[in-house]
Structures are given as structure tokens and as C-alpha cells.
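In this note's numbering, the protein residues as written are 26 to 400.
Where a beta carbon is used, it is the ideal one built from N, C-alpha and C, also for glycine.
One structure below.
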Amino acid sequence: MKPPVLRLLCDSNPMCFGSTSAMLSVLDFVPAESTALVNGVTAELLARDSVVDRTISVNNKSPESMQRAVDFEDFDAVLVVSNQSNIALYADVGLPIFFVDVLYWYGPHKQQPVWSLAERTFIQNFPGVFDRLESQVYQEPPVIVGPLIRQAAVSSPGRKGTLIQIGGARSRWIRPGDNSLFSEQVLSWICHQELNLPQPLTLACGKDAGKAAQHSHLADSIHIDSFAYDDFISKLQQTAVYITTPGQGAVFEGLAAGVDLLFLPPQNATQVLQLAIYERAGLVAEGLNLTALDPLFDHSALEASEEQLTMEVLRSLNRINTPEVAEQVARHLRFQYETLNQVHAVRRAFIEFIGSPGGSLVAEAIHRWWCEQWM
């Protein structure tokens, strides 16, 4: 019997673009009618993407809000990317769960209920993932997949300009223009006289971060935009130099595109830890992390909760918002640019270690499960 079209609910972590772009990389390959929950920055990607059939605006960090906004009988399964807020709710209403953890290496433990409640689980590869997986005991081990990113079908033959990417730059703890001036700081680093980057300059970021950046006296020196995901990937393929904060998806996208890639300092908790991993792997020279730029950085926060570390990151970024540190970051960016040939081999090895894009593998598992229900 041929199965009907799968009605798939899609729940990504609203804290960042990374979980949402990972979800889209799976939806590219799932034959389904996809309904995405949108909240905050996630709407900037999900509401503008062709693989999403419709959206539901709801606080998907609140099970109570979810119960009011979502009729679960309208769905056959749910794809969840790194948001565990509604797992118990999905289990209670009998909705099969397909769970993807893009930050499996991060956090104190991986024994939450989702690992036993989900129909299938997947984890995005990264240094530390295999060792952690080996130390855990699950009824059915998660499947390790390669980077959950979307790639352009055709590479652009001519590359020009510089693309600077800082993601959504917003979370439940980070509010651009309020308690975070990161997007303005980035302009002070990128437009510094120490640098001579290929022109024109484009800053890709969430809408709120873009509005905050417009307040900088340097805003006229750069084009600021909030791209749909496909448009961003297309722009990346056309750019000569790509400068990004050290988030997983953003770095994976740059490495996969084969573009000259430079790193920015981190803007949140997980990026502080990820940059340290990239440094240890030899992808970028030390000196950009907040522990290096800020002598007053509280190292004990590195072992604290995500919220506590995020608060210390915000305090640290405020402390280093000085002309002296702007010059220091600009010099580091120039050093990265001038020594790219020295890290090419290491970066190629890192790509091989991470593996091929994994969205299709997650999608195939969902489709196979759905077909099995109709045999």
C-alpha cells in the first residue's frame, strides 16, 4: 500500500539559526507536508523557505503555549532539532519523535528522556562526539551524521567581496541593541584600518542584530542584510572571503564551500567552547577567544550552565569593546588572511573527519519509518 503524504511537525531550537538551518537541510530530502514552529529568529529562516509548507507562531520553549497553539492530531510525526522543551508533551500525545542533536558534544550529560522516547535519534559529528557516545548506554544508539548544512547546487566561477556572518545573534539571553552590541563591535573589527579586505563588504545577520549594527558610524561602509537560507548559501558561493563567528553550521558551510574562511571572536556560550575546539584542531590560531582577549574573563564560567556562561560572555564583550581590542582582533584577522595557505591541509582533514552532509540520511530514516507503517 502506498503511504499517504507524511504530515511532519518541525520543532527547532529557537535560540539560534544553527538548529533551524540544520532542520532545513533535512527537510530538503523528506517527502512530507512540513509545518514548522516559529519563534523569534527562527521565523526569519523558516517562514521564507520553500521546503516549509506552513508555519505556526508559538513559543516552542513552552509546552503550555504549545498545547494551546497546536492540534497534534494534524500530524503523523515530529522532527525535533536540539529543542527538548516539548519532548514529554509529544510522548504524551503519542506523536512519534525524530530527534537530532547538533551539539551532542556539549553539556554535562546525555541521558535525558528524549534518548529513550524518540523513535530515532541522530547526532551531528564534531570532535568529542564519538568519545561521549562510547561512554553512554542507550536502548538504540543514536546515528552519527555529517554536517547538517545546505549546499549550493553549482559553485560560482567568479568570487568577489567579503561576506561576514554572525547568525541570528539573538537568544533568550541575548538581545541585540539592548544587552548586546556584538554586531556593532563586528563592524569596528572588520572596518579597521589594519584590514584590507576584498570589497564590497556584506554583513549577514538576524534582523534585530542588523538594526543594532545600523547605529554604528561604520554602517555606511557595509551592506547589512538578513538573508533567507538559500540566498545566504548562494551569496557564500559568490564571495571571495568569508568571515564568521565560530558556530558549527556557519563554519561547516564555509569549509564545504571551499571559500577563504576567517574566524571572528565568539558571541555566546557554545561559540566560546567551539572556538577552543577549532583552535586545538589547528583550524585557526589562538588569540581570538574571550579568554585571550579579556584578562578579566571568569574562567570558572566555562564549567557553569549555558545561561551563566552566556552572561559572562556578554560582560566580557562589553569589557573588550575598546579601540585597543578592536585593533588586536583586526590584526588577528589580517594574520589569518595572510596565512591561509598554512591551514588548508588541516581544514581539509577536518572536513574529511566530519564527513559528508548528513541531512539526507536523517530524511531517509524518517521516510523509511513512514513507509513501514503502511506495509
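Does the count of Cβ pairs from the segment 369-382 and the segment 270-281 closer than 8 Å reach three? yes
Let's test the definition: count the other Cβ atoms within 10 Å of the Cβ of His357 and tell me whether it reaches 16, buried, or not, exposed. buried
If you pair each beta-carbon of the segment 134-153 with each one of the segment 103-118, do three or more pairs fall below 8 Å? yes
Can you give me the C-alpha to C-alpha distance between Asn366 and Leu287, rounded to a whole angstrom? 12 Å
Is it true that the segment 233-240 meets the segment 260-277, where meeting means three or more beta-carbon pairs spaced less than 8 Å apart? no
Contact set for Gln403: own chain, Cβ-Cβ below 6 Å, skip 5 residues either direction: Shown here, the chain extends from 26 to 400; a query on residue 403 therefore has no answer.
Between Lys185, Ile345 and Ala351, which has its C-alpha nearest Val284's C-alpha? Lys185
In chain order, which continuous runs of the beta strand (DSSP E) of length 3 or greater are located wholly inside the segment 174-249? 187-190 and 226-229
Here's the rule I'm using: 16 or more other beta-carbon atoms within 10 Å means buried, otherwise exposed. How should Ala113 be labelled? exposed
Touching by the beta-carbon criterion (3+ pairs, under 8 Å), the segment 297-312 and the segment 205-214: no
Starting from Leu104, follow the beta strand (DSSP E) in both directions and report where the run begins and ends. Ala102 to Val106
The alpha helix (DSSP H) that contains Thr335, what's its start and end? Glu331 to Arg344
Going by DSSP in three states, Val55 sits in which element: helix, strand or coil? coil
With Gly383 and Pro172 assumed to form a contact (beta carbons below 8 Å), what rounded beta-carbon distance in angstroms separates them? 7 Å
Could you give the residue range of the alpha helix (DSSP H) that holds Phe257? Tyr254 to Gln263
Whether or not the segment 239-247 and the segment 54-72 are in contact is what I'm after, with contact meaning three or more pairs of Cβ atoms, one per stretch, closer than 8 Å; do they touch? no
In the DSSP assignment, what are the bridge partners of Ile410? Outside the shown range of the chain (26 to 400) lies residue 410, about which nothing can therefore be said.
Return the CA-CA distance between Arg73 and Ala57, expressed in angstroms with no decimal places. 17 Å
From this set, Ile81, Glu337 and Asn314, which residue's C-alpha is nearest Glu328's C-alpha? Glu337
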